[in-house]
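What follows is one structure encoded as structure tokens, with my remarks underneath.
Numbering (our numbering), first residue to last: 762 to 948.
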């Protein structure tokens, strides 16, 4: 167990391990190549953009992810961010903390997420968990995922849509796709 995130310390602390459990620390080729006994890397979450996957593949080192671990947490985080932005929570909080709430008229307009359009790109575990939470706010939920059938999306009480059409009508866009050369710089 280490709290270190510095490459030099990681190389030293991981040199004799058989396995690594990681959450957000970057594990590059320099670090991984120094772990001579390494057989497996387990990543908490579903993404692995912080791990040199090419090095693992070239050296036949297994990668495990915790596919369902974060779907609820991530979807709740998205809802929190939408509410914070829509309700100007940060600005309101600043006014309250500075004893200036009587000046609330200077705040930008507040809105509701009720009946607003959300475009969810990617309809795996996280996208589905987010859609479920958006339903509680009676949002219009549009989904684009070329790997999920339109029928399946509709069965989940969501509206399948072309990505470009979704961009035109979305009040909110939430991206839940693996980061790769096809998804980088998507919007």
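Where a beta carbon is used, it is the ideal one built from N, C-alpha and C, also for glycine.
Taking the Cβ atom as the reference point for each residue, do residue 914 and residue 884 lie within a distance shorter than 9 Å? yes
Figure out for me which residue from 901, 800 and 882 has the closest Cα to the Cα of residue 909. 882
Output the distance between the C-alpha atoms of residue 896 and residue 840, rounded to the nearest integer angstrom. 11 Å
What's the gap between the Cα of residue 845 and the Cα of residue 874? 11 Å
Measure the beta-carbon distance from residue 831 to residue 806 and round it to whole angstroms, keeping in mind my assumption that it falls under 8 Å. 5 Å
Whose C-alpha, out of 772, 864 and 903, is nearest the C-alpha of residue 929? 903
At least 3 beta-carbon pairs within less than 8 Å: the stretch 856 to 869 vs the stretch 884 to 894: no
CA-CA distance, residue 772 and residue 811? 16 Å
Closer than 8 Å: residue 796 CB and nearest the ligand HEM heavy atom: The ligand HEM is not among the ligands present in this structure, which contains no ligands whatsoever.
The beta strand (DSSP E) that contains residue 930, what's its start and end? Taken as a continuous stretch (DSSP letters only), residue 930 belongs to no beta strand (DSSP E), being part of the alpha helix (DSSP H) at 924 to 930.
Between residue 791 and residue 777, is the Cβ-Cβ spacing less than 9 Å? no
Relative to the alpha-carbon of residue 794, which residue among 900, 877, 769 and 931 has its alpha-carbon at the smallest distance? 769
Decide if residue 824 is buried, meaning its Cβ has at least 16 other Cβ atoms within 10 Å, or exposed. exposed
Can you list, in chain order, the residues of its chain whose CB lies under 7 Å from that of residue 917, leaving out five sequence neighbours each side? 889 and 892
Please give the ranges of any beta strand (DSSP E) in the stretch 778 to 838, keeping only runs that are unbroken, at least 3 residues long and fully inside the region. 780 to 783, 801 to 804 and 823 to 826
I need the straight-line Cα distance from residue 767 to residue 820, nearest angstrom please. 23 Å
Quick one: residues in its chain with C-beta nearer than 7 Å to the C-beta of residue 813, no 5 flanking neighbours on either side, listed in chain order? 788, 789, 790 and 793
For residue 859, count neighbouring C-beta atoms within 10 Å of its own C-beta (all shown protein chains included) and say buried if the count is 16 or more, exposed if not. exposed
For residue 848, I'd like the list of residues in its chain whose CB is within less than 6 Å of its CB, leaving aside the five on either flank, ordered along the chain. 871
Three-state secondary structure (DSSP) of residue 853: helix
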